[in-house]
Amino acid sequence: MSIAIAAGVLVAGAVYLFSRREMLRVILGFVLLSHAVNLIIIAAGGTDRRDEPIGGDLDPSLVADPLPQAFVLTAIVIAFAITIVMLVLAVTGRHDDDMSQPPQRDSEPGTQASQPTREQGGTS
0 MSIAIAAGVL VAGAVYLFSR REMLRVILGF VLLSHAVNLI IIAAGGTDRR DEPIGGDLDP
60 SLVADPLPQA FVLTAIVIAF AITIVMLVLA VTGRHDDDMS QPPQRDSEPG TQASQPTREQ
120 GGTS
């Protein structure tokens with residue numbers, strides 16, 4: 000029951016962070032969501048009600064399935080790599096999304112913008 004509550008809190012935090020405009024908060028929301036999914040997968044694996052998958056002469060029906068643990072380990076590595084890529088993209092593109100002032104238009108609506116001539120640096 001405590002794993003379900005923890006996963007719910009993580010999902011709620013992720014949804015809250017996704018609703019913000021800052022890219023860093025969206026990335027942190029993604030991290031929280033990936034942790035919540037990992038908790039759900041581990042809880043579905045049945046490690047709390049069964050024995051460890053590695054051991055001596057245990058009955059196979061009494062040991063936990065090691066596949067969810069392998070999935071979670073792989074998901075942690077993939078989530079870490081995606082988080083690093085998103086952080087790099089957020090840092091390199093943080094000045095590209097300034098929408099405080101609308102872009103300025105060079106011409107009137109319905110007319111074609113003038114092409115630069117050779118004297119102005121154009122390639123004609």
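Taking numbering that gives the first Met the number 0, the leading residue of the sequence shown gets 0, the next gets one more, and so forth.
For each residue, glycine too, the CB sits at the ideal point set by N, CA and C.
Taking the alpha helix (DSSP H) that residue i belongs to, which residues open and close that run?
{"i": "Pro65", "result": "Pro65 -> no alpha helix (DSSP H), and no H or E assigned at all."}
Please state whether DSSP places residue i in a helix, a strand or coil.
{"i": "Arg24", "result": "helix"}
{"i": "Ser18", "result": "coil"}
{"i": "Gly45", "result": "coil"}
{"i": "Gly92", "result": "coil"}
{"i": "Asp85", "result": "Looking at the sequence shown, residue 85 is not Asp but Met. Correct three-state label for Met85: helix."}
Among the residues of its own chain, which have a CB less than 7 Å from the CB of residue i, if the five just before and after it don't count?
{"i": "Asn37", "result": "Val71, Ala74 and Ile75"}
{"i": "Ala35", "result": "Ala6, Leu9, Val10 and Ala13"}
{"i": "Leu23", "result": "Ala89"}
Residue i to residue j, Cα distance in whole Å?
{"i": "Val87", "j": "Asp58", "result": "48 Å"}
{"i": "Ile40", "j": "Ala89", "result": "29 Å"}
{"i": "Ile83", "j": "Ile77", "result": "10 Å"}
{"i": "Ser18", "j": "Gly45", "result": "33 Å"}
{"i": "Leu16", "j": "Ala69", "result": "28 Å"}
Does any heavy atom of the ligand MN sit closer than 7 Å to the C-beta of residue i?
{"i": "Arg24", "result": "Ligands are entirely absent from the displayed structure, and the ligand MN is therefore not among its contents."}
If I measure Cβ to Cβ from residue i and keep anything under 8 Å in the same chain, skipping five residues before and after, which residues do I get?
{"i": "Arg93", "result": "Met22"}
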